[in-house]
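**Q** Using our numbering, the first residue of the sequence shown is number 59, and each one after it goes up by one. Glycine residues also receive a C-beta, built at the ideal position from the N, C-alpha and C atoms. What follows is a structure written as structure tokens; I'll ask about it next.
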Amino acid sequence: MTYFTKYLVFVLVLLIFPLHILAQTIPLGSSLIANDETTPWLSQSGDFAFGFKKIQSQNQFLLCIYYAKIKDATIVWYANGGNLMPRGSIAELNPQKGLILRDPKGKMIIWSTGRIGSNVAFAVMNDTGNFVLVGVDSSVLWESFRYPTDTLMPTQILEINNKLVARKSESFFVPGRFYLRMLSDRNLVLVTQSKLTNFDYDAEYYNSHTSDSGDEANSGYQLVFDEFGSVYILKRNNQRLVLTPPNVPSISENYHRLSLDFDGVLTHYYHPKSTGDQKWSTLWSLPDNICLAILEDVGSGVCGFNNVCNLGGNQRPYCECPKGYSLIDPNNKYGSCKPKFVPSCDEFGQGNPEELYDFDVVTDVDWPLSDFERIYPSAEEECKKACLEDCFCAVTIYRSNSCWKKKLPLSNGRVDTSLNVKAFLKIRKV
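Here it is in structure tokens:
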């Protein structure tokens, strides 16, 4: 590029972009190295940083955008599908390939922003939390706002067929199984999808019902997080379905973000910009009770198989294995539980069932859709006896003169105080 061409590009950019953005331009050839010393690329205000962030292990880093001024440095976007990179990995700004992520030896491209159609002139880390690649013609070639991960920021829009994907756990950033999608049918939905390769999802646990087949103009087409901190579904006729409650905390005094958390709850958070030991607070969330909202024909439910979902503070689910079961992975309390014994038909020849098994009784707990037989009418003792004498029965549920026998693995486990049920879990006598 000649000196005159460079000067012309600079003048054109001056006319299009505000000076406060230009002050933080990142020139071609700039690079970041995954180590403890590299300085991230900061936005003009210093509110946001783009760089490598260490995740738990001292030698594993995530290329990401995060809040730079708050204590927990909350991550709002990440590259490379959330996969961590080893120490020494390199991110660099390339004129033809945009932003590229290389292995520590610098030979292999692990991830890039992809084909961008024109040469890059520079990059910008905006005060909105948006990382932008700008072309030599001053056009926006690529921006992180177009490719969200699990979070939306004020001024960001989720278009039709775009999505948020929850991470697998709080510190494991690869895709989990909860999705927020703006569907082509004009509905905003929260769904589960156990396999990334599946064409369809497993269960829907929120639907905006903003599709109007009789009037396209009355259908939703964007999820908007506006500059005032309000979140709404915008229709073609400019009407809005507002999700945010009134009296939003001031966006000039608070950071705001809309995140699909790893537990499947969509949450609007805010955090004071003032320094000090402040934490994120919840403004609103969907759904009201995720334990009851998700009912999967295929899949485990909110928690893993044989686990039980209960609602804690701020509409957050927590999972707990029932008596006689323990976590397969002790580090993942949301995962599946394994039975300490598995009912076996071979054991029935070793003695009377009453001598082999007992029941642990819990109230208001159910695993819907795990039934293999219903007995009606039935008394409570008859229900227990039916499970005791059935070598396939792991749990029986009794409610209103009805008895449901259930098999392993148990799915959709939840606490539901409205059911007035008793669950009898078959356990092996010591």
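Reducing DSSP to helix, strand and coil, say where D161 ends up.
**A** On the sequence shown, residue 161 is found 103 positions in, with the first residue counted as 1. Of the three classes helix, strand and coil, the one that applies to D161 here is coil, per DSSP.
**Q** Measure the alpha-carbon distance for L466 versus Y383 and round it to whole angstroms.
**A** Residue mapping note: residue 466 aligns to position 408 of the sequence shown, counting from 1. Residue mapping note: residue 383 aligns to position 325 of the sequence shown, counting from 1. Between L466 and Y383, the C-alpha separation is close to 12 Å.
**Q** Let me know the secondary structure DSSP gives A452 once reduced to three states.
**A** Within the sequence shown, residue 452 is the residue found at index 394, counting from 1. A452 falls in the coil class under three-state DSSP.
**Q** Near T500, which residues of its chain fall below 6 Å by C-beta distance, leaving aside the five closest residues on each side in sequence?
**A** Any answer about residue 500 is impossible in this case: the structure gives the chain only from 59 up to 488.
**Q** With a floor of 3 residues, list each beta strand (DSSP E) that falls wholly inside the region 210 to 293, ordered by position along the chain.
**A** Those beta strand (DSSP E) runs which fall completely within the region 210 to 293 and span 3+ residues are 214 to 217, 221 to 227, 230 to 240, 246 to 250, 261 to 265, 278 to 283, 289 to 293.
**Q** Sorted by chain position, which residues of the same chain lie with C-beta nearer than 8 Å to S460's C-beta, five sequence neighbours on each side aside?
**A** On the sequence shown, position 402 is the one that residue 460 refers to. Here the set comprises R432, I433, Y434, P435, S436.
**Q** Tell me which residues share the same chain as A179 and place their Cβ nearer than 7 Å to its Cβ, disregarding the 5 neighbours each side in the sequence.
**A** As a first step, residue 179 is located in the sequence shown; it is residue number 121 there, counting from the start. If we look at A179 and ignore the five residues flanking it on each side, its Cβ neighbours are V67, V192, G193, V194.
**Q** I need the DSSP call for P76, collapsed to helix, strand or coil.
**A** The residue you call residue 76 lines up with position 18 of the sequence shown. Here P76 scores only 46 on pLDDT, less than 50, and its place in the model is too uncertain to base an answer on.
**Q** Looking at V453 and Q366, is the spacing between their C-beta atoms short of 9 Å?
**A** Locating residue 366 in the sequence shown gives position 308, counting from the first residue. Locating residue 453 in the sequence shown gives position 395, counting from the first residue. According to the sequence as given, residue 366 is Val; it is not Gln. No.
**Q** List in chain order: all unbroken beta strand (DSSP E) runs of 3+ residues lying wholly within the region 303 to 357.
**A** Runs of the beta strand (DSSP E) inside the region 303 to 357: 312 to 318, 324 to 330, 339 to 344.
**Q** Helix, strand or coil: which one does DSSP assign to D429?
**A** Residue mapping note: residue 429 aligns to position 371 of the sequence shown, counting from 1. It is a strand residue.
**Q** Is the region 158 to 170 touching the region 99 to 115, taking contact as three or more C-beta pairs under 8 Å?
**A** Segments in contact, no.
**Q** Measuring alpha carbon to alpha carbon, tell me which of L427, W135, L210 ends up nearest G357.
**A** Numbered from its first residue, the sequence shown carries residue 357 at position 299. Of the candidates L427, W135, L210, the one whose C-alpha sits nearest the C-alpha of G357 is L427.
**Q** According to DSSP, is F399 part of a helix, a strand, or is it coil?
**A** On the sequence shown, position 341 is the one that residue 399 refers to. F399 falls in the coil class under three-state DSSP.
**Q** May I have the straight-line CA-CA distance separating F450 from A351, to the nearest angstrom?
**A** Mapped onto the sequence shown, residue 450 falls at position 392. Mapped onto the sequence shown, residue 351 falls at position 293. Those two C-alpha atoms are separated by around 29 Å.
**Q** Pick from P397, F430, E285, E262: whose alpha carbon is nearest that of R486?
**A** On the sequence shown, residue 486 is found 428 positions in, with the first residue counted as 1. When each option's Cα is compared against that of R486, the closest is P397.
**Q** With 16 as the cutoff for other CB atoms within 10 Å, does A137 come out buried or exposed?
**A** Position 79 of the sequence shown, counted from the start, is the residue given in the question as residue 137. It counts as buried.
**Q** Which residues share a DSSP beta bridge with G109?
**A** Residue 109 sits at position 51 when you count from the first residue of the sequence shown. In DSSP, G109 forms a bridge with C122.
**Q** Whose CA, out of P330, S343, V282, L477, lies closest to the CA of V504?
**A** Any property of residue 504 remains undetermined from this structure, which presents the chain solely from 59 to 488.
**Q** According to DSSP, is R486 part of a helix, a strand, or is it coil?
**A** In the sequence shown, counting from the first residue as 1, residue 486 sits at position 428. Strand, per DSSP.
**Q** Using 9 Å as the threshold, is the C-beta distance between M211 and G175 below it?
**A** As a working note, residue 211 is residue 153 in the sequence shown. As a working note, residue 175 is residue 117 in the sequence shown. No, the Cβ-Cβ distance between M211 and G175 is not below 9 Å.
**Q** Evaluate N372 with the Cβ neighbour count: other Cβ atoms within 10 Å of its Cβ, from every protein chain shown; 16 or more gives buried, anything less gives exposed.
**A** As a working note, residue 372 is residue 314 in the sequence shown. When all chains shown are included, N372 counts as exposed.
**Q** If you count every other CB in all the chains shown that lies within 10 Å of the CB of C403, and 16 or more means buried, which is it?
**A** Reading the sequence shown from its first residue, position 345 is the one you call residue 403. With fewer than 16 other Cβ atoms within 10 Å, it is exposed.
**Q** Are the CB atoms of F108 and I215 within a distance shorter than 9 Å?
**A** As a working mapping, residue 215 is identified with position 157 in the sequence shown. As a working mapping, residue 108 is identified with position 50 in the sequence shown. Not in contact: I215 and F108 (Cβ atoms no closer than 9 Å).
**Q** So, using beta-carbon positions, are I128 and L120 closer together than 9 Å?
**A** By 1-based counting over the sequence shown, the position of residue 128 is 70. By 1-based counting over the sequence shown, the position of residue 120 is 62. Taking 9 Å as the Cβ cut-off, I128 and L120 do not qualify as a contacting pair.
**Q** Report the rounded CA-to-CA distance for R204 versus G234, giving the unit in angstroms.
**A** By 1-based counting over the sequence shown, the position of residue 204 is 146. By 1-based counting over the sequence shown, the position of residue 234 is 176. Cα to Cα, R204 sits roughly 20 Å from G234.
**Q** With burial defined as no fewer than 16 other Cβ atoms inside 10 Å of the residue's Cβ, what is the status of F430: buried or exposed?
**A** As a first step, residue 430 is located in the sequence shown; it is residue number 372 there, counting from the start. Its Cβ having fewer than 16 others within 10 Å, F430 is exposed.
**Q** Can you tell which of D355, F230, N219, S458 has its C-alpha closest to the C-alpha of S252?
**A** Looking up residue 252 in the sequence shown gives position 194. Ranking the options by Cα distance to S252, first place goes to D355.
**Q** For L151, would you say it is in contact with chain D, using Cβ-to-Cβ distances shorter than 9 Å as the test?
**A** As a matter of chain content, chain D is missing from the structure shown, which is built from one protein chain.
**Q** Could you have a look at L466 and say whether DSSP puts it in helix, strand or coil?
**A** Counted from its first residue, the sequence shown places residue 466 at position 408. Coil.
**Q** Return the residue from the list I123, I218, V300, T97 that minimises the CA-CA distance to M240.
**A** Within the sequence shown, the letter at position 182 stands for residue 240. Of the candidates I123, I218, V300, T97, the one whose C-alpha sits nearest the C-alpha of M240 is I218.
**Q** Under the assumption that L246 contacts L222 (Cβ atoms under 8 Å), give the Cβ distance between them as a whole number of angstroms.
**A** As a working note, residue 246 is residue 188 in the sequence shown. As a working note, residue 222 is residue 164 in the sequence shown. Actually they are not in contact, since the Cβ atoms of L246 and L222 sit about 11 Å apart, beyond 8 Å.
**Q** Can you grab the Cα-Cα spacing for the pair D94 / N347, in whole Å?
**A** Taking the sequence shown and counting its residues from 1, the one referred to as residue 94 is at position 36. Taking the sequence shown and counting its residues from 1, the one referred to as residue 347 is at position 289. So the alpha carbons of these two residues sit roughly 41 Å apart.
**Q** What are the boundary residues of the alpha helix (DSSP H) that E201 is part of?
**A** For the purposes of this step, residue 201 is taken as the residue at position 143 of the sequence shown. Here E201 belongs to no alpha helix (DSSP H); instead the beta strand (DSSP E) covers 198 to 201.
**Q** Which of helix, strand or coil does DSSP assign to N152?
**A** Here residue 152 refers to the residue found at position 94 when the sequence shown is read from its first residue. Strand, per DSSP.
**Q** In or out: F286 buried (at least 16 other Cβ within 10 Å) or exposed?
**A** Position 228 of the sequence shown holds residue 286. So F286 ends up on the exposed side.
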